[in-house]
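Taking it in order: structure first as structure tokens, then the write-up.
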Amino acid sequence: MLLEVNDLHVNYGAIKAVKGISFYVEKGEIVTLIGANGAGKTTTLRTITGLEHAASGTIHFKDKDITNIAPHRIVEMGITHVPEGRRIFTNLTVMENLKMAALLRKDPEGKKASYEEVFELFPRLKERRMQPSITLSGGEQQMLAVGRAIVTGGDLVVLDEPSMGLAPKIVDEIFEVIQRMNQEGKTILLNEQNAFMALSVANRAYVLETGNITIEGPAKDLLTDPRVKEAYLGS
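Numbering (the UniProt record's numbering), first residue to last: 1 to 235.
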């Protein structure tokens, strides 16, 4: 098992944001968390990658306990986080952003190959590689955020709301890239409010409601689950 979360609790002061959830991700899967705003999805991802502190419970990655260790160490171990809101370095060029993401890598040939992979997946980034990233459109900035995850390396990519604020055509492009990343060996843990898109590409899914997992199973089954359809698929 690549990632295992067991009885995870996360609090913000007196607010219990995550209330004892357990789930797992196998190598080679796309697993998605879906749910309304405030359900605890982003908090869960941020805790896995060390940006929030777990009150209790454990997180194991490749059978090693990574609960509450420093974010940079988690990156070194092979987990890459594409945060909500992109968080690119807008004062740097596209290429400088990619080079920053590759700083921890010790394999020059692998770095070079990963840049080419990003430019193959996102030709627009190649065209704009010397532009300040602040000049990119929202969709192009999201492409750059995903590109940085590819360049960072590692086995597990954690994606937080990759479609947020994007035009439908760009959303389709981003999800096509997510599938290609998975086909090329990346395991994906995805938090996505566009439940239909998320369930269409995922192997398995978990529904979070107010900090609890209420439904779980194969993504194709959740697509036809009446509870999920009524609450998240608009039918």
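Glycine included, every Cβ here is placed at the ideal spot set by N, Cα and C. Owing to the predicted nature of the structure, the values given are computational and were not obtained by experimental measurement.
Q. Do HIS81 and THR47 have their CB atoms nearer than 7 Å?
A. no
Q: From the DSSP output, in three-state form, read off GLY40 for me.
A: Secondary structure at GLY40: coil, using DSSP grouped into helix, strand and coil.
Q: Find the nearest neighbour of VAL18 within the set GLU29, ALA55 and TYR24, judged by alpha-carbon distance.
A: ALA55
Q: Would you list the one or two residues that DSSP bridges to ASN212?
A: GLU209
Q | Cβ neighbour criterion (16 or more within 10 Å) applied to LYS106 | A | exposed
Q: Spell out a yes or no on whether the stretch 185-197 and the stretch 28-40 are touching, meaning 3 or more CB-CB pairs, one atom from each, closer than 8 Å.
A: yes
Q.
Just to confirm the assignment, what range does the alpha helix (DSSP H) spanning ASN97 have?
A. 94-101
Q: Give, in chain order, every unbroken run of the beta strand (DSSP E) that is at least 3 residues long and sits entirely within the stretch 165-213.
A: 187-191 and 204-209
Q: For TYR232, count neighbouring Cβ atoms within 10 angstroms of its own Cβ and tell me buried if that reaches 16, exposed if not.
A: buried
Q | Own chain, CB closer than 7 Å to VAL177, minus 5 neighbours either side, in chain order | A | LEU121 and VAL146
Q | The alpha helix (DSSP H) enclosing GLY139, as first and last residue numbers | A | 138-152
Q: Measure from the alpha carbon of MET77 to the alpha carbon of each residue in PHE89, ILE134 and ASP63, then state which is nearest.
A: Nearest C-alpha to MET77: ASP63.
(Q) Less than 7 Å between the C-beta atoms of ILE79 and SER133, yes or no? (A) no
Q: If I'm right that ILE150 touches VAL118 with Cβ under 8 Å, what's the distance once you round it to whole angstroms?
A: Their Cβ separation, rounded to whole angstroms, is 5 Å, which keeps ILE150 and VAL118 in contact under 8 Å.
Q | GLN183 burial status per 10 Å Cβ neighbour count (16 or more: buried) | A | exposed
Q.
Counting C-beta neighbours from all protein chains within 10 Å, is the total for SER163 16 or more, i.e. buried, or is it exposed?
A. buried
Q) Measuring CB to CB, does ARG129 end up less than 7 Å from VAL94? A) yes
Q: May I have the straight-line CA-CA distance separating LYS41 from VAL75, to the nearest angstrom?
A: Distance between the alpha carbons of LYS41 and VAL75: 20 Å.
Q) Does the distance from the C-beta atom of GLU29 to that of ASN203 stay below 7 Å? A) yes
(Q) Taking a contact to mean a Cβ-Cβ separation below 7 Å, would you say VAL5 touches THR43 in this structure? (A) In this structure, THR43 does not lie closer than 7 Å to VAL5 by Cβ.
Q: Would you mind sorting LYS186 into buried or exposed? The rule is 16 or more other CB atoms within 10 Å of its CB.
A: buried
Q: Pick helix, strand or coil for PRO218, following the three-state DSSP scheme.
A: strand
Q: Using the DSSP secondary-structure output, state which residues sit across from ASN68 in a beta bridge.
A: For ASN68, which the question treats as bridged, DSSP gives no partner whatsoever.
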